[in-house]
Ligand code: PRP
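Listed below in structure tokens is the structure:
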């Protein structure tokens with residue numbers, strides 16, 4: 001139950017959780033359990049009225065939108081794909097008041113080192129592109145006028161060109177080590193990605209007294225303005 005006097009923040013384990021902790025600390029909030037050692041999915045904090053729920057990154061917008069959490073942190077990639085998947089149906093929406101500038105990476109096109117991507121594009125070839133990010137990939141290639149057959153995968157995109165499943169991938173790149181280890185090269189940078197704070201508009205109204213100070217503290221900690 002997500003009571004009116006409890007603030008619930010949805011986070012995903014890993015980089016987003018780790019990089020959100022210092023921001024919570026800046027707002028005076030300490031998470032009291034470590035997801036590395038605890039199997040709990042609801043983590044208490046030092047503030048009785050604030051708790052963290054651990055969900056998959058792609059589920060963060062859904063939790064926030066439908067009231068399982070009041071606010072959450074997720075990548076811009078996740079937000080774009082979520083909006084594209086649900087854009088046509090009746091949904092209450094999310095506000096994105098703050099770019100936290102954490103979990104930075106980029107969305108890129110990569111191909112095997114021996115694949116002449118520029119030539120294929122020049123010749124108007126139809127490319128088979130494997131990705132988890134179909135909305136971003138579709139929009140990008142459409143804007144370039146490149147014909148693609150998109151192949152939806154849920155992970156290990158790097159494997160697709162190596163097995164002949166696809167000519168190219170669209171995936172997140174951070175250090176570039178995963179591409180390198182699989183002899184892939186980055187040929188296009190589609191967009192820079194960072195994690196955003198998302199809030200349910202109704203929560204922003206009903207729980208303004210709890211959410212506003214948190215937003216201000218996060219904004220101060222990351223040196224960015226609040227946009228809602
Ligand atoms: C992402 C991405 C790449 C990797 C890139 O995967 O899909 O595989 O990170 O990082 P690098 O450039 O630093 O090597 P992630 O670990 O987030 O897991 P996922 O495959 O579940 O998305």
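Residue numbers (the numbering used here): 1 to 228.
Think of the CB as a built atom: it goes at the ideal place given N, C-alpha and C, for glycine as much as any other residue.
Item	Value
Boundaries of the beta strand (DSSP E) in which residue 8 is found, first to last residue	7–11
Cβ-heavy atom distance, residue 174 to the ligand PRP, below 7 angstroms	yes
Opening and closing residue of the beta strand (DSSP E) in which residue 131 lies	127–131
Proximity to residue 213 [Cα-Cα], best of 145, 33 and 28	28
Nearest-angstrom Cβ-Cβ length linking residue 199 and residue 55, presumed shorter than 8 angstroms	About 16 angstroms; that fails the 8 angstroms criterion.
When 187, 209, 12 and 215 are compared against residue 106, the one with the closest alpha-carbon	187
Endpoints, beta strand (DSSP E) assigned at residue 190	184–199
Residue environment, residue 191, which counts as buried when at least 16 other CB atoms sit within 10 Å	exposed
Boundaries of the beta strand (DSSP E) in which residue 69 is found, first to last residue	That residue, residue 69, is in no beta strand (DSSP E); it is neither H nor E in DSSP.
Pair within 8 angstroms by beta-carbon distance, residue 97 and residue 226	yes
Nearest-angstrom Cβ-Cβ length linking residue 23 and residue 100, presumed shorter than 8 angstroms	7 angstroms
Under 8 angstroms between C-beta atoms of residue 128 and residue 149	yes
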